[in-house]
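With the sequence shown counted from 1, adding 171 to any position gets you the working numbering. Quick reminder that beta carbons are idealized off the backbone N, C-alpha and C, glycines included. A short worksheet on the structure shown next.
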Amino acid sequence: MFSLEEATRKLSEAEIESPRFEAQLLLMIALGVTRTQVLAGTYLPPTYDQETRFMALIEARTRRIPFAYLRGSQEFYGLEFVVSPSVLIPRPETESLVERVLEVARKKDGAFRFADVGTGTGCIPISILANTSPNVSAIAIDLSPLALEIALTNAKRHGVLQRVELLQTDLLQGVEAHSLDFIVSNPPYIETETLNTLEPEVRDHEPRLALDGGEDGLQIYRRLFPEIARVLKPKGSFAVEVGAGQAPAVSEIAERAGFQNLRVSRDFADIERVVEGELP
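Pasting the structure below:
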C-alpha cells in the first residue's frame, strides 16, 4: 500500500498546499476511519479495495481535482452538502449572503418567499431554510439540470424539500412578476481573461458556467438586476455576492435598475463581498 509518506510526497510534487494533511484526509476516505485513527495508526490493515481506492484518490488529487469532489461533499454554514463537478464548490465567503437573508427573513411574521439565482448545490437557500421557521420558502433556480439534481439531493438530506421549489431557467425567466420578497444570488463574476490564471482546481475542474462573468465580470449583473426588479414585490430586497473591487460598479448597475438604499458589507477577510438594496 502507499504509505502516508509516499502519498505526501506525491501530493507535494503536485504542488498541493498541505500535502501531509490532505494525504491523511484521503486515507480517512479510503479506509472509512476517523482522523484520530489515522494519526494514531489504530486502524485495521487495508483491504485490496481500500488500498486501490487510496491510490486512486491520491492520483486524482495530483491531477488537481478538488478535494471536495473527491470527498463528494463540502461543509457550508454548519451543514454538509453533496457536491459534484456539475456544481461550484461552496465557499466560506458566501456564508455572508446567508447571514444577510436570515437577518431580513427573521423579522417577518408572515410568509416570506425568496429565490436563489444560480443555486448550484442549493447551499444558500437550504442553509436559510434550515435556520428559519416554516413561514419561509424558496425557489432554487439554475440553468443546469445536473446542478438541480444535486440541489434536490441536498434539500432532501436537510429536510427542507417541502419548502423549496426547484426551477430550471435562465436567471428569473418564468418567475411571476411582483411575487417575491427577496432575491439572493452568487452569480458568475470572474473576468473571462482571469479564469486562465486561477488555480488548476478552479480553472480546470469547476463548471465554467458558474464562474465566467464575461469580459469585465459584470455581464450577469447587467441582465440580472432588471429581472430582480420585475419579480420583487414593492419594497422587496436583494443581496448579491460580488468579486473584490466590484461593489461600486455592481451598486451602480443596481441603482440604474431602480434600486435604492444600496449598501455593501464585507466578508471575514474584510473584502467588500455583498451588495444589498431594495425597491421603493
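Can you tell me the Cα-Cα spacing of arginine 444 and glycine 212, whole angstroms? For the purposes of this step, residue 444 is taken as the residue at position 273 of the sequence shown. For the purposes of this step, residue 212 is taken as the residue at position 41 of the sequence shown. Answer to the nearest angstrom: the Cα atoms are 42 Å apart.
Residues bridged to arginine 284 (per DSSP): Position 113 of the sequence shown, counted from the first residue, corresponds to residue 284. Beta-bridge pairing by DSSP links arginine 284 to Ser308.
Beta-carbon separation (whole angstroms), aspartate 441 vs serine 267, contact threshold 8 Å: Within the sequence shown, the letter at position 270 stands for residue 441. Within the sequence shown, the letter at position 96 stands for residue 267. Not quite, the Cβ-Cβ distance comes to about 11 Å (not below 8 Å), so this is no contact.
Using a threshold of 7 Å, is the CB atom of glycine 281 nearer than that to any non-hydrogen atom of the ligand PLP? What this structure holds is no ligand at all, so the ligand PLP is not there to describe.
Cutoff 8 Å; reference tyrosine 360; Cβ partners in own chain excluding five residues on either side: The residue given as residue 360 occupies position 189 in the sequence shown. Only Gly384, Gly388, Leu389, Ile391, Tyr392, Glu412, Val413, Gly414 and Gln417 meet the Cβ criterion.
Can you name the residues that DSSP bridges to glutamate 412? Taking the first residue of the sequence shown as 1, we reach residue 412 at position 241. The bridge partners DSSP lists for glutamate 412 are Val445.
Of the residues Gly407, Glu423 and Val307, which one's Cα is nearest the Cα of proline 451? Here residue 451 refers to the residue found at position 280 when the sequence shown is read from its first residue. Considering only Gly407, Glu423 and Val307, the residue with the shortest C-alpha distance to proline 451 is Gly407.
Please classify glutamate 347 as buried or exposed, where buried requires at least 16 other C-beta atoms within 10 Å of its C-beta. Locating residue 347 in the sequence shown gives position 176, counting from the first residue. By the neighbour-count rule (16 or more Cβ atoms within 10 Å), glutamate 347 is not buried but exposed.
Anticipated Cβ contact below 8 Å, alanine 381 with leucine 343, distance rounded: Here residue 381 is taken as the residue at index 210 of the sequence shown, counted from 1. Here residue 343 is taken as the residue at index 172 of the sequence shown, counted from 1. The C-beta separation of alanine 381 from leucine 343 comes to about 17 Å, leaving the pair out of contact by the 8 Å criterion.
Return the CA-CA distance between aspartate 341 and alanine 322, expressed in angstroms with no decimal places. On the sequence shown, position 170 is the one that residue 341 refers to. On the sequence shown, position 151 is the one that residue 322 refers to. Spanning the two alpha carbons is a distance of roughly 16 Å.
Report back the beta-carbon spacing between leucine 351 and lysine 404 to the nearest angstrom; my notes put them in contact at under 8 Å. Within the sequence shown, numbered from 1, the residue matching residue 351 stands at position 180. Within the sequence shown, numbered from 1, the residue matching residue 404 stands at position 233. Yes, they are in contact, since the Cβ atoms of leucine 351 and lysine 404 sit about 7 Å apart, within 8 Å.
Alanine 400 versus valine 355: straight-line alpha-carbon distance, rounded: As a first step, residue 400 must be located in the sequence shown, where it is residue number 229. As a first step, residue 355 must be located in the sequence shown, where it is residue number 184. Their backbone Cα atoms lie some 12 Å apart in a straight line.
Whole angstroms are fine: how far does the CA of leucine 250 sit from the CA of alanine 178? Your numbering for residue 178 matches position 7 in the sequence shown. Your numbering for residue 250 matches position 79 in the sequence shown. Going by C-alpha positions, alanine 178 is about 29 Å away from leucine 250.
Report all residues from its chain with a CB closer than 8 Å to the CB of proline 256; omit the five preceding and five following residues, and keep chain order. Here the question's residue 256 lines up with position 85 in the sequence shown. The beta carbon of proline 256 lies closer than 8 Å to those of Tyr240, His376, Glu377 and Pro378 in the same chain, with the five residues before and after it left out.
Tell me the rounded alpha-carbon separation between valine 288 and threonine 365. Here residue 288 refers to the residue found at position 117 of the sequence shown. Here residue 365 refers to the residue found at position 194 of the sequence shown. CA-to-CA, the gap between valine 288 and threonine 365 works out to about 23 Å.
Should leucine 319 go down as buried or exposed, given a rule of 16 or more other Cβ atoms within 10 Å for buried? Position 148 of the sequence shown holds residue 319. By the neighbour-count rule (16 or more Cβ atoms within 10 Å), leucine 319 is buried.
Supposed close pair threonine 292, asparagine 325 - CB separation, criterion 8 Å: Walking along the sequence shown from the start, residue 292 turns up at place 121. Walking along the sequence shown from the start, residue 325 turns up at place 154. About 6 Å separates the two Cβ atoms, so the contact holds.
Quick one: using the 10 Å Cβ neighbour count with 16 as the cut-off for buried, is glutamate 193 buried or exposed? Position 22 of the sequence shown, counted from the start, is the residue given in the question as residue 193. Label assigned to glutamate 193: buried.
On the DSSP bridge list, what partners appear for glutamine 245? Your numbering for residue 245 matches position 74 in the sequence shown. Per DSSP, Phe252.
Take phenylalanine 396 and list the residues in its own chain whose beta-carbon comes closer than 6 Å to its own, dropping the five residues that flank it on each side. Translated into positions along the sequence shown, residue 396 becomes position 225. Take phenylalanine 396, set aside five residues on each side of it, and the residues of its chain with a beta-carbon closer than 6 Å to its own are Ile424, Ala425 and Ala428, in chain order.
Could you check which residue in Ile200, Leu175, Gln333 and Pro419 has the C-alpha nearest to that of arginine 191? Here the question's residue 191 lines up with position 20 in the sequence shown. The option with the nearest alpha carbon to arginine 191 is Leu175.
When DSSP labels each residue in this structure, what does serine 436 get in the three-state scheme? Indexing the sequence shown from 1 puts residue 436 at position 265. Strand at serine 436.
Coil, strand or helix - lysine 181 by DSSP: As a working mapping, residue 181 is identified with position 10 in the sequence shown. In this structure, lysine 181 counts as helix in the three-state DSSP scheme.
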